[in-house]
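Residue numbers (my numbering), protein chains in the order written: chain A, 623 to 736; chain B, 408 to 519. Even glycine gets a Cβ: it sits at the ideal position worked out from N, Cα and C. Source: prediction; values computed, not measured. Okay, structure first, notes after.
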Amino acid sequence: SQQGEEDPQALSIQEGENATMNCSYKTSINNLQWYRQNSGRGLVHLILIRSNEREKHSGRLRVTLDTSKKSSSLLITASRAADTASYFCATDGGGGTSYGKLTFGQGTILTVHP
Amino acid sequence: DAGVTQSPTHLIKTRGQHVTLRCSPISGHKSVSWYQQVLGQGPQFIFQYYEKEERGRGNFPDRFSARQFPNYSSELNVNALLLGDSALYLCASRRNNYNEQFFGPGTRLTVL
């Protein structure tokens, strides 16, 4: 079953605009990771945010995490056509029965028009 | 350093056949996980191996099995293939269970 739920399912914007994708999850986590996938190829790791962190930046990416609301957001600033891809959040439950297992959402399809 | 590698890239099989997919982790990574991604959905966890021991298993039938070798590479085996097994199979490695998980390019399996 999918733990993470991304919102929106699809997002269409113009180059230069910002894109925000949201992720909600149900159970406690050790960390949350965001990935990008182009045209059904392998997943590219974007950023990891740990449960004791609230915000993290990497280049044009900004990720926030609110463990009280069990939600995260990914902001891509000044988007480019090359950012067109599917974006997934994945929760990492850590120890116990979910040891090292990532649980993915359905993804957000981002289209950036030149 | 090379990333996670998987072979083959594409595979076409018929129902009832058996398939073996291979994965080599990033050097220094001892954990390997397998995921199945059906078109239009997020990846689903199949197995995790750490230090050559199975540490996690997803909700997949016993037709799916895996193993990890002393050099930390891994194989995923699927017996008695069904049409519904057609998917992208992704392998991922990580140094330990607290760090980023890096994915390979995947093996596209088509079952006819």
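Is the CB-CB distance between residue i and residue j below 9 Å?
{"i": "residue 473/B", "j": "residue 441/B", "result": "yes"}
{"i": "residue 635/A", "j": "residue 732/A", "result": "yes"}
{"i": "residue 512/B", "j": "residue 412/B", "result": "yes"}
{"i": "residue 498/B", "j": "residue 439/B", "result": "yes"}
{"i": "residue 673/A", "j": "residue 690/A", "result": "no"}
{"i": "residue 597/A", "j": "residue 696/A", "result": "Because chain A here runs from 623 to 736, residue 597/A falls outside it and cannot be looked at."}
{"i": "residue 709/A", "j": "residue 639/A", "result": "no"}
{"i": "residue 727/A", "j": "residue 515/B", "result": "no"}
Output the distance between the C-alpha atoms of residue i and residue j, rounded to the nearest integer angstrom.
{"i": "residue 694/A", "j": "residue 729/A", "result": "13 Å"}
{"i": "residue 668/A", "j": "residue 426/B", "result": "31 Å"}
{"i": "residue 687/A", "j": "residue 652/A", "result": "12 Å"}
{"i": "residue 416/B", "j": "residue 711/A", "result": "25 Å"}
{"i": "residue 734/A", "j": "residue 447/B", "result": "19 Å"}
{"i": "residue 505/B", "j": "residue 490/B", "result": "36 Å"}
{"i": "residue 583/A", "j": "residue 435/B", "result": "An answer regarding residue 583/A cannot be provided, because it is not within the stretch 623 to 736 covered by chain A."}
{"i": "residue 419/B", "j": "residue 484/B", "result": "15 Å"}
{"i": "residue 517/B", "j": "residue 507/B", "result": "29 Å"}
{"i": "residue 658/A", "j": "residue 665/A", "result": "6 Å"}
{"i": "residue 623/A", "j": "residue 706/A", "result": "Low per-residue confidence applies at residue 623/A: pLDDT is 43, beneath 50, and the placement is therefore not dependable enough to give any value."}
{"i": "residue 676/A", "j": "residue 656/A", "result": "15 Å"}
{"i": "residue 503/B", "j": "residue 660/A", "result": "26 Å"}
{"i": "residue 430/B", "j": "residue 736/A", "result": "37 Å"}
{"i": "residue 678/A", "j": "residue 633/A", "result": "22 Å"}
DSSP three-state call for residue i: helix, strand or coil?
{"i": "residue 705/A", "result": "helix"}
{"i": "residue 497/B", "result": "strand"}
{"i": "residue 463/B", "result": "strand"}
{"i": "residue 629/A", "result": "strand"}
{"i": "residue 488/B", "result": "coil"}
{"i": "residue 469/B", "result": "coil"}
{"i": "residue 692/A", "result": "coil"}
{"i": "residue 453/B", "result": "strand"}
{"i": "residue 476/B", "result": "coil"}
{"i": "residue 445/B", "result": "coil"}
{"i": "residue 635/A", "result": "strand"}
Using CA atoms only, rank isn't needed, just tell me which of the options is closest to residue i.
{"i": "residue 681/A", "options": "698/A, 670/A and 690/A", "result": "698/A"}
{"i": "residue 714/A", "options": "708/A, 664/A and 654/A", "result": "654/A"}
{"i": "residue 459/B", "options": "507/B, 443/B, 468/B and 482/B", "result": "482/B"}
{"i": "residue 480/B", "options": "471/B, 428/B and 507/B", "result": "428/B"}
{"i": "residue 692/A", "options": "630/A, 648/A, 700/A and 633/A", "result": "648/A"}
{"i": "residue 437/B", "options": "469/B, 457/B, 451/B and 461/B", "result": "457/B"}
Assuming residue i contacts residue j (C-beta within less than 8 Å), just tell me the rounded distance between them.
{"i": "residue 432/B", "j": "residue 500/B", "result": "3 Å"}
{"i": "residue 509/B", "j": "residue 410/B", "result": "6 Å"}
{"i": "residue 455/B", "j": "residue 449/B", "result": "Contact flag wrong, Cβ pair sits at about 17 Å."}
{"i": "residue 519/B", "j": "residue 421/B", "result": "5 Å"}
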